[in-house]
Amino acid sequence: MVAAHKSVLMRLEIRPAGNLCRCKHDKKHTIAKGEPRLVVRETGPGTPEQGYCADCEIAMLNRASRRIDELREEVRAQMV
Ligand SMILES: [Zn+2]
Numbered sequence: 051m052v053a054a055h056k057s058v059l060m061r062l063e064i065r066p067a068g069n070l071c072r073c074k075h076d077k078k079h080t081i082a083k084g085e086p087r088l089v090v091r092e093t094g095p096g097t098p099e100q101g102y103c104a105d106c107e108i109a110m111l112n113r114a115s116r117r118i119d120e121l122r123e124e125v126r127a128q129m130v
């Protein structure tokens with residue numbers, strides 16, 4: 051069996067907010083308890099865990115998705 055490819059998205063996680071919290075992108079965005087929160091794990095010890103609201107989440111994931119498309123095209127273009 052071949053090992054699975056390493057994930058390049060290991061820093062991302064979606065978890066329901068434990069309490070009312072604020073979006074890291076804009077403090078005016080609130081995330082109610084139980085609402086999905088995109089948590090970007092920071093490296094290094096003692097880093098507070100911060101998350102993003104659903105709207106920012108979608109915007110960030112769309113952007114990441116476009117970037118992944120670009121990278122895939124770049125690799126394909128060089129595969130001749
Ligand atoms: Zn937000």
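51 is the number of the first residue of the sequence shown in this note's numbering; add one for each residue after it.
Cβ atoms here follow ideal geometry from the backbone N, Cα and C, with glycine treated the same way.
Next on the checklist: If you reduce the DSSP assignment to three classes, tell me which class V125 lands in.
Outcome noted: helix
Checklist entry - Taking Cβ positions, are R126 and V90 nearer each other than 8 angstroms? => result no
Checklist entry - Are R113 and G101 touching if we call contact CB-CB under 8 angstroms? => result no
Item to check | E92 (DSSP reduced to helix, strand or coil) | outcome: coil
Item to check | Cβ separation of G68 and K78, assumed to be a contact under 8 angstroms, to the nearest whole Å | outcome: Not quite, the Cβ-Cβ distance comes to about 20 angstroms (not below 8 angstroms), so this is no contact.
Checklist entry - Going by DSSP, which residues form a beta bridge with T97? => result DSSP output for T97 lists no bridge partner at all.
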